[in-house]
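Going down the list, the protein sequences come from chains A and B. Residue numbers for the first sequence follow our numbering, so the first one is 4 and each next one is one higher. Residue numbers for the second sequence follow our numbering, so the first one is 4 and each next one is one higher. Idealized CB from N, CA, C, for every residue including glycine. Below you'll find the structure, written out as structure tokens, and then a few comments.
Number of protein chains: 2
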Amino acid sequence: MPPRTTAASAEKRRAILDAAVRVFAERGFNHCRVSDIADEAGVAYGLVYHYFKSKDGILDEVFLERWALMLEVIEEAAGDDALSVRDRLAKVATFIVESYGRHPDVMQVVIVEVTRQANTFGRKHWATIQDAHAGLARIVERAQESGELRGDIPPSFAAIVFYGGIEQVLTSWIFDTAPSTPDDRRAAVSNLVETICGGLDPR
Amino acid sequence: MPPRTTAASAEKRRAILDAAVRVFAERGFNHCRVSDIADEAGVAYGLVYHYFKSKDGILDEVFLERWALMLEVIEEAAGDDALSVRDRLAKVATFIVESYGRHPDVMQVVIVEVTRQANTFGRKHWATIQDAHAGLARIVERAQESGELRGDIPPSFAAIVFYGGIEQVLTSWIFDTAPSTPDDRRAAVSNLVETICGGLDPR
DNA sequence: CGGTCGGTTGATTGACCAGTCAATCGGGAA
DNA sequence: TTCCCGATTGACTGGTCAATCAACCGACCG
Numbered sequence: 004m005p006p007r008t009t010a011a012s013a014e015k016r017r018a019i020l021d022a023a024v025r026v027f028a029e030r031g032f033n034h035c036r037v038s039d040i041a042d043e044a045g046v047a048y049g050l051v052y053h054y055f056k057s058k059d060g061i062l063d064e065v066f067l068e069r070w071a072l073m074l075e076v077i078e079e080a081a082g083d084d085a086l087s088v089r090d091r092l093a094k095v096a097t098f099i100v101e102s103y104g105r106h107p108d109v110m111q112v113v114i115v116e117v118t119r120q121a122n123t124f125g126r127k128h129w130a131t132i133q134d135a136h137a138g139l140a141r142i143v144e145r146a147q148e149s150g151e152l153r154g155d156i157p158p159s160f161a162a163i164v165f166y167g168g169i170e171q172v173l174t175s176w177i178f179d180t181a182p183s184t185p186d187d188r189r190a191a192v193s194n195l196v197e198t199i200c201g202g203l204d205p206r
Numbered sequence: 004m005p006p007r008t009t010a011a012s013a014e015k016r017r018a019i020l021d022a023a024v025r026v027f028a029e030r031g032f033n034h035c036r037v038s039d040i041a042d043e044a045g046v047a048y049g050l051v052y053h054y055f056k057s058k059d060g061i062l063d064e065v066f067l068e069r070w071a072l073m074l075e076v077i078e079e080a081a082g083d084d085a086l087s088v089r090d091r092l093a094k095v096a097t098f099i100v101e102s103y104g105r106h107p108d109v110m111q112v113v114i115v116e117v118t119r120q121a122n123t124f125g126r127k128h129w130a131t132i133q134d135a136h137a138g139l140a141r142i143v144e145r146a147q148e149s150g151e152l153r154g155d156i157p158p159s160f161a162a163i164v165f166y167g168g169i170e171q172v173l174t175s176w177i178f179d180t181a182p183s184t185p186d187d188r189r190a191a192v193s194n195l196v197e198t199i200c201g202g203l204d205p206r
């Protein structure tokens, strides 16, 4: 939430935010200096603090900005009555996986530095993270009510497994330096949905 | 790897290691001081460095000790010819989940401070972490070969989703302060195996 | 042309902490 | 009893960095 600003200063703010994402992705939040961000953005050290409250605040903003988009997609998938459960889940998975394809640095930062940081940022944003689980759980629950899915697995459990599955897949892409290809990403979505819905038992 | 020691000194070493687990679990690896560990163990600061190379080294040892047990269980589950896939997967899941039941601090540290720390310890131990994925993948692969599971989902993918699912369940137990009950744990195992093998589609 | 006020600069401050080290202790061997 | 050596102590060093702040710049207004 910048104070009222000119277009030029808004751009500079954005430049710092983008630079921060690159630096966080490359060095990790804990192992980079604020001066690295300033250097990467090509501005003076102090300017970072003109636009942001603190180093933590920058990461918070990166996370919240991205996570809000995902929550929107989940709501959208849950609300669209024309979709099957598989389509709904595929829509969410596709958004996450394609976010990684288009903005690997942002997604790496969101997952590695926030979502998986149980003691620091993960705890701070736990309620927000849970909003996503809750949204997924609602998708499952409704499908159970309509008979589209079996009713004997708790929806919140299914949601956690589904989300945990995606996160682990992204994590493995992030760790192994080879980037995912578009085909990898499409395959991951359909395999995930097929595993969770269809199960691994023989057809 | 302590140098040759008397029984008494081995005990003291153990006491420091146990104290470290408690401190890491409570404050987080990055937000505790080595002096916290020394205080918790009731020994002088310097003694920690008599028994361990560094603060990092302590965490490494906590992780490796526990992870080795898990790898053993995975090997055991993979090797026991009398077991069905579901039993094999349940055996692994039960071990993990019951480890949490018996040693919540240790498991919290292993997961929160190592396994999920993609930029620091997670990367350092990535190969070891992958050993677990590989073991699970082998279980799936063999079951596919015997026709016990469908063959069109890559085993390594299934393994990652399975492991990611457990980890996310444990994470949610860790974040929400309410401890898991024995019933929660049993239910988690059977729900996980049932979700992954049977799928969420109606029976 | 003087004044104002964001925007911009980077040196400095203050706090934090891992790891070192020289000194001391104490139990068993000679 | 003396000596030796591992065990034990905790003060201290060196380095790191987030955040502050006082000063400077320059565009626009009156």
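Tyr103 (chain B) sits away from Leu152 (chain B), with the two beta carbons spaced by 8 Å or more. Remark: C-beta atoms of Val65 (chain A) and Leu20 (chain A) approach each other more closely than 8 Å. Of all residues in the segment 174 to 206 of chain A, only Thr174, Ser175, Ile177, Phe178, Asp179, Ala190, Ala191, Asn194, Leu195, Glu197, Thr198, Ile199, Cys200, Gly201, Gly202, Leu203, Asp204, Pro205 and Arg206 place a beta-carbon less than 9 Å from a beta-carbon of chain B. Between Val196 (chain B) and Ala96 (chain B) a beta carbon distance of about 6 Å is seen, short of the 8 Å cut, so the two are scored as contacting.
Contact annotation: in the segment 13 to 31 of chain A, residues whose CB is within less than 7 Å of a CB in chain B are Gly31.
A straight line joining the alpha-carbon of Ser193 (chain B) with that of Phe98 (chain A) spans about 30 Å.
Chain order gives the chain B residues near Ile156 (chain A) as Asn194, Glu197, Thr198 and Leu203, where near means a beta carbon separation below 7 Å.
The Cβ atoms of Val76 (chain B) and Lys94 (chain B) lie closer than 8 Å to each other.
The criterion of a C-beta distance shorter than 8 Å is not satisfied by Ser38 (chain B) and Tyr54 (chain B).
Excluding the 5 residues flanking it on each side, Gly125 (chain B) has same chain C-beta neighbours closer than 8 Å at Val117, Thr118, Arg119 and Ile132, in chain order. Between Ala44 (chain B) and the set B:Asn33, B:Asp59, B:His34 and B:Val24, the nearest pair of CA atoms involves B:Val24. Comparing alpha carbon positions, the residue from A:Trp129, A:Tyr166 and A:Lys15 closest to Phe178 (chain B) is A:Trp129.
Judged by their CB atoms, Thr198 (chain A) and Ile163 (chain B) are not nearer to each other than the 8 Å cut-off.
Contact between Pro182 (chain B) and Pro107 (chain B) holds, with the beta-carbon distance rounding to 7 Å and staying under 8 Å.
Nearest CB-CB separation between Tyr166 (chain A) and chain B: below the 8 Å threshold.
In the three-state reduction of the DSSP assignment, Asn122 (chain A) falls in the coil class, being assigned neither a helical nor a strand state. Counting only runs of 4+ residues, the alpha helix (DSSP H) found wholly inside the segment 51 to 90 of chain B occupies 58 to 82, in chain order. Shown here for Asp134 (chain B): same chain residues with a beta carbon closer than 7 Å to its own, the five before and five after excluded, namely Leu74 in chain order. If you look at Gly154 (chain A), you'll find it isn't in any alpha helix (DSSP H); DSSP assigns it neither H nor E. C-alpha of Asp59 (chain B) to C-alpha of Arg16 (chain B): approximately 15 Å in a straight line. Among the residues facing chain B, Leu139 (chain A) is not included, as its CB has no counterpart in that chain under 8 Å away. In the three-state DSSP reduction, Val100 (chain A) falls in the helix class (H, G or I). By a beta-carbon distance limit of 8 Å, Ile142 (chain A) contacts Ala81 (chain A). Their separation comes to about 5 Å. Annotated three-state conformation of Arg16 (chain B) is helix, per DSSP. Judged by DSSP in its simplified three-state form, Pro107 (chain A) adopts helix.
For the segment 112 to 124 of chain A, residues whose beta-carbon sits nearer than 9 Å to a beta-carbon of chain B comprise Ile114, Val115, Glu116, Thr118, Arg119, Gln120, Ala121, Asn122 and Thr123. Residues of chain A whose Cβ lies closer than 8 Å to the Cβ of Trp129 (chain B) are, in chain order, Phe178. Looking at the backbone, the Cα of Val100 (chain B) and that of Val112 (chain A) are separated by about 28 Å. In the DSSP assignment, Val172 (chain B) falls within the unbroken alpha helix (DSSP H) covering Pro158 to Phe178.
Sixteen is the threshold: when 16 or more other Cβ atoms of the shown chains lie within 10 Å of the Cβ of Pro158 (chain A), as they do, the residue is buried. Of the other Cβ atoms in all chains shown, 16 or more fall within 10 Å of the Cβ of His136 (chain A); this residue is therefore buried. According to the DSSP assignment, Thr131 (chain A) belongs to the alpha helix (DSSP H) that extends over Trp129 to Glu148.
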